[in-house]
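Student: Take a look at the following structure, please.
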C-alpha cells in the first residue's frame, strides 16, 4: 500500500512526557515530507499551539485542531470553522459552574477560564505565549458567567476538567440530554471536551482527506489518547503509541514504541523507508 498522508496527535505522541519535541521525531517528519507525504497534526489543542509545533516540523497539510472544529493552514484563512453559539456557551457555563471543575473556553485567539485549579501565578492575569508570531493569551476570572455577560464568547471548544469521574459522567449525560447542538468527547477519567455537534478529530481528518483527494487506505494515523480511537480504527494504517491504553492498542493495526522511546520516528522509518517518493510514483504512473 502507498501511503499519502500521516496524521499525528500531539500529547504523548509527537511530544515526550516532559512536553518536548525529540530531535529524532523532527527528523522523521522531515523525512516523510521530503518523500512527498502530507503530514497533518490532528489534536484537541488550540490552533496556535498546533501551529507552533507544525511550523517547527514543517508540516505541509492543514491542521485539525479544537477536536476538528477549527481546520486551517493559516489562522486567518481557515478552511473549516465550527463554533458554539454565545447563548449555548452561557447556558453550558451556568450548568458546569455547579460542579467542582475547571472550565476553559478555548477560542482560536485566546483561552478564557475560571480560576479553579489554576496555578496561583496565573490568577487574574493574562499570560501571553509570544514565542512566535502567533500570540495567544490565557485569562482566568472569578466567574465565567459574569465575564460572559460583559463579553460574550463563541468558541470552537470548551474544555472541562472535573475533580472526579462521577461528576464527569453525570455532566456528560445531562449535557447530551439538554444540549443537542453540542457533543461531549471524553479525553480521560476527568477531562472532557465540548464541541459543536458533529465535530471530532476523525470528522476533521475526513475533511482534510477530501480537501486533498486522499482515500482512507492511503492514511496513516498515530495516536495515544481516548479520543484517538475512532481515528485509529478508521485509518488505512492505525498506529497506537507504546504508551497508549490497552484499549487503544487493541483497536490499532500496529503498535510502535512509546513517546519517550521515539515511537513516531520508529514507525516512520519502518513504514516509509521502502516507499518511493510520491513524485517518482506519479511519474511511473503507479499512482495519480
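In the numbering used here, the protein residues as written are 55 to 342. Every residue, glycine too, gets a C-beta built ideally from N, C-alpha and C.
1) What's the gap between the Cα of residue 80 and the Cα of residue 320?
2) If we ignore side chains and look at the alpha-carbon of each, how far apart do residue 117 and residue 279 end up?
3) Using DSSP's beta-bridge definition, name the partner residues of residue 124.
4) On the three-state DSSP scale, how would you describe residue 129?
5) Tell me the rounded alpha-carbon separation between residue 214 and residue 155.
6) Going by the DSSP bridge assignment, what does residue 165 pair with across the sheet?
7) Count the other CB atoms, across all protein chains shown, that sit within 10 Å of the CB of residue 297; report buried if there are 16 or more and exposed otherwise.
8) Note down the Cα distance separating residue 102 from residue 56, rounded to an integer number of angstroms.
9) So, with DSSP's three-state summary, where would you put residue 177?
10) When you compare the region 81-91 with the region 217-236, are there three or more beta-carbon pairs, one atom per stretch, that lie closer than 8 Å?
11) Could you tell me the distance, in whole angstroms, from the CA atom of residue 59 to the CA atom of residue 148?
12) What is the DSSP secondary structure of residue 334, reduced to helix, strand or coil?
13) Between the alpha carbons of residue 311 and residue 276, how many angstroms are there, rounded?
14) With burial defined as no fewer than 16 other Cβ atoms inside 10 Å of the residue's Cβ, what is the status of residue 317: buried or exposed?
15) Quick one: Cα of residue 75 to Cα of residue 62, how far?
16) If residue 210 and residue 245 are in contact, beta carbons under 8 Å, what's the gap, nearest whole angstrom?
17) Leaving aside the five residues before and after residue 270 along the sequence, list all residues of the same chain whose C-beta is less than 8 Å from its C-beta, in chain order.
18) Once DSSP output is grouped into helix, strand and coil, what is the label at residue 58?
19) With the cut-off set at 8 Å, would you say residue 68 and residue 143 are in Cβ contact?
20) Taking only three categories from DSSP, how would you classify residue 207?
21) Taking the DSSP output, what are the residues bridged to residue 294?
22) Could you check if residue 141 is buried or exposed, using at least 16 other CB atoms within 10 Å of its CB as the buried criterion?
23) If you drop the 5 nearest sequence neighbours on each side, which residues of the same chain put their C-beta closer than 7 Å to that of residue 178?
Tutor: In short, the structure shows the following:
1) 12 Å
2) 18 Å
3) 119, 135
4) coil
5) 7 Å
6) 160, 192
7) buried
8) 31 Å
9) In this prediction, residue 177 scores a pLDDT of 37, lower than 50, which makes its location untrustworthy; no coordinate-derived value is stated.
10) no
11) 41 Å
12) helix
13) 11 Å
14) buried
15) 13 Å
16) With a Cβ gap of about 17 Å, residue 210 and residue 245 do not count as contacting.
17) 263, 288, 289, 290
18) coil
19) no
20) coil
21) 277, 309
22) exposed
23) Interpretation of residue 178 is limited by its pLDDT of 37, a score under 50 that renders its predicted location unreliable; the figure taken from the coordinates is listed afterwards. Around residue 178: 194.
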